[in-house]
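Encoded structure:
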């Protein structure tokens, strides 16, 4: 599918601010599932963009607005070609025994450890182990872990905040896509399955069919030995399709924040985010 | 029948490929054209001409003794651009206008691009349209080029190349809109050949772009179009756009600047003006600042702009970006400001002010195209292979005395498109001028103005030099 993504972030400051430095992770990734065809970022006030790749190989843009200003607009427009993922279970579902491999554990260490908001409490570990005991390979297990997150949780904006941990979420199971994704990461990591956080966009062709995708969306990717990363969306309880566009991956929310930065100034700040996807 | 005798020359032909087969995205249209007989076609052509005459779609040729106003010649064979090809062009244009606006902001502020050694100081300070008096001045939303008309040509391999950016007062968009509406009236049957992307939202998009720069974010600004008057070559377009946007069209004498604000004289007294879509060059805007002999402008206008009480589109001083020497640096600008590789290629350019380039230019004048750095509209140009000895010698002298003022490029034998001439269809060279709007978001009108060099073999498509135009179809899929 060919998708055009417009992601706008607007800030208004009650008092002038200066030295406003920002890092943007809003550039669609190019990998075997998607290809970024065009990408332009526009920042007002005018400023030069620098580009580099972070530790997770995400393309990052950085800029600074030095002069005093009271508004900042960041608009990223991208054209992406996406491919559908595998629709059903894989015929050769890799065996869970492969997860014990020492070199695999070494190369995916950041995606295996509890860290930041991803806490593996005894309760979370118990839930994961129960599923691990069932027959089937890694793919079957990952799907089951995703389903358990989806089935046991309620989508409730406002119930959690940006820093909510899996431990807190696991108590009431009410939250947003970020919480769903963090919990799935915790469950996967509890059983030694490398799992990473993905921030991106999802095209909701029939408006309202996809939960949590009105602005940027979050989901997970798990590593299938011999096959690569597999996208799973626990908020919707479904594997990722060609309607999904990944912009950044990382250990958790902290590594994949679309816009993050700092500035000098006091006073209130208002933020407005709009994301628009269009199929071409 | 019409197409059967069409023989493409040894160049990139828009309609047929090198094997002589009609390109897939033209097949539907070619099929429908085959269905027309000579007589029907003749009738349709006459009604087209009448339509353009009645609508007053005209332009003016300067320095022509036979009545200066002419009907803009129109060729009814549409140019077709497939969706995927357009996507790449569109992306390249968005990238380019983004870099140009960042460049303009930079040269009128910190000039980092000079300090970082990307563009030599002489290139910018030596550009005739650079306005040093505007260094340090702010414009709303840091927007300089609000409307850009970028000229593209296609080389032998069909690759699109940027020929120039028109970031001052690009014209021609009214012909795009008129051409489309005429085609729909006279050849409704052709549009069944596939879904064509509409162009008619342009006036509304332009108005939104103008309102976007209203001083102090005024949500209900008074926007006017400032024209040099009825004798200007693009007056038809000025009145057309003003009408389409439902805004006032004014001349300098209709405006007055008082205490740093600009007002419009109306029957009910003065009315404040917030945004001026000016279709008049910097030089003539304000006799207090620029040309003292200008009677077209408004004394005190520039002061009001500097105080932030009125916004101009395009901003003052954008000419430094469409200077032909600056053009050579646009790919570097894209890399510098956006950290990206340019998506659109451009024509290799030799700069006469560089010693080794100048030597090369002077040695090879008969094979190159020489252009004055600060001219547009096909004026001040030498096409080496077509020039007389005397013309070449004249340019040689001009280049030696003013090297900063000239650039040279290889002759690009750009693509041709079947065009209706007496006795059937023949290939004529075409270019493409898409229009880009830099407002709250960036909008590119699908397609743009396809200009045709109507004289056989001519590479000059400018209307002032005998060019015509065609409807341009960007297909939906």
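Protein chains in written order, with this note's numbering: chain A, 1 to 280; chain B, 281 to 757.
Don't be surprised by glycine CBs; every beta carbon is placed ideally from N, CA and C.
For residue 496 of chain B, the CB contacts under 8 Å within the same chain, skipping 5 residues up- and downstream, are 588 in chain order. Interface residue (Cβ-Cβ distance to chain B less than 8 Å): residue 181 of chain A is not classified as such.
Within the stretch 533-609 of chain B, the beta strand (DSSP E) runs of at least 3 residues that lie entirely inside it are, in chain order, 535-538, 541-546, 549-552, 555-558, 591-593. The alpha-carbon separation between residue 79 of chain A and residue 46 of chain A amounts to approximately 23 Å. Rounded to whole angstroms, the gap between the alpha carbons of residue 612 of chain B and residue 622 of chain B is 9 Å. Within the stretch 362-374 of chain B, the residues whose Cβ lies closer than 7 Å to some Cβ of chain A are 367, 371, 374, listed in chain order. In the three-state reduction of the DSSP assignment, residue 369 of chain B falls in the helix class.
Where residue 401 of chain B is concerned, the enclosing alpha helix (DSSP H) starts and stops at 401-405. Separation of residue 30 of chain A and residue 624 of chain B (C-alpha to C-alpha, rounded to the nearest whole angstrom) is 20 Å.
Beta-bridge pairing by DSSP links residue 512 of chain B to no other residue. Chain B places no beta carbon closer than 8 Å to that of residue 16 of chain A, leaving this residue out of the contacts. Any Cβ of chain B closer than 8 Å to the Cβ of residue 135 of chain A would place that residue at the interface, and such an atom is absent. Inclusion of residue 719 of chain B and residue 489 of chain B in the CB contact set at 8 Å is warranted, their separation being smaller than that value. Less than 8 Å separates the beta-carbon of residue 535 of chain B from that of residue 578 of chain B.
For residue 149 of chain A, the enclosing alpha helix (DSSP H) covers residues 138-152. Chain order gives no chain B residues near residue 245 of chain A, where near means a beta carbon separation below 9 Å; the closest approach is about 16 Å.
Scanning the stretch 616-698 of chain B for uninterrupted alpha helix (DSSP H) segments of 4 residues or longer gives 635-643, 669-681, listed from N- to C-terminal end. Residue burial annotation: residue 498 of chain B is exposed, with fewer than 16 other C-beta atoms found within 10 angstroms of its C-beta. With 16 or more other Cβ atoms inside 10 Å of its own Cβ, residue 512 of chain B counts as buried. For residue 166 of chain A, the uninterrupted alpha helix (DSSP H) run begins and ends at 166-172, by DSSP. Of the residues assessed, residue 151 of chain A falls on the exposed side of the cut-off, its CB having fewer than 16 other CB atoms within 10 angstroms. If you draw a straight line from the Cα of residue 243 of chain A to the Cα of residue 208 of chain A, it is about 14 Å long.
Bounds of any beta strand (DSSP E) do not take in residue 483 of chain B; it lies within the alpha helix (DSSP H) bounded by 482-491. Counting only runs that start and end inside the stretch 192-238 of chain A, the beta strand (DSSP E) elements of at least 3 residues fall at 195-202, 217-224, 228-233. Annotated three-state conformation of residue 286 of chain B is coil, per DSSP. Distance from the CA atom of residue 610 of chain B to the CA atom of residue 144 of chain A, rounded to whole angstroms, is 53 Å. The beta carbon of residue 355 of chain B lies closer than 6 Å to those of 699, 700, 732, 748, 750 in the same chain, with the five residues before and after it left out. Check the Cα spacing between residue 467 of chain B and each of B/597, B/326, B/741: the tightest is with B/326.
Those residues of the stretch 414-434 of chain B placed with their C-beta closer than 7 Å to a C-beta in chain A are 421, 422, ordered along the chain. In the three-state reduction of the DSSP assignment, residue 507 of chain B falls in the coil class, being assigned neither a helical nor a strand state. An exposed status is given to residue 15 of chain A, since fewer than 16 other beta-carbon atoms sit within 10 Å of its beta-carbon. Counting C-beta pairs closer than 8 Å gives fewer than three between the stretch 110-130 of chain A and the stretch 47-54 of chain A, which falls short of the contact rule.
Here the alpha carbons of residue 422 of chain B and residue 598 of chain B stand approximately 12 Å from one another.
For residue 428 of chain B, the enclosing beta strand (DSSP E) has its first and last residue at 427-434. Taking all protein chains shown into account, residue 546 of chain B has fewer than 16 neighbouring C-beta atoms within 10 Å of its C-beta and is therefore exposed. Here residue 481 of chain B is exposed, its C-beta having fewer than 16 other C-beta atoms within 10 Å.
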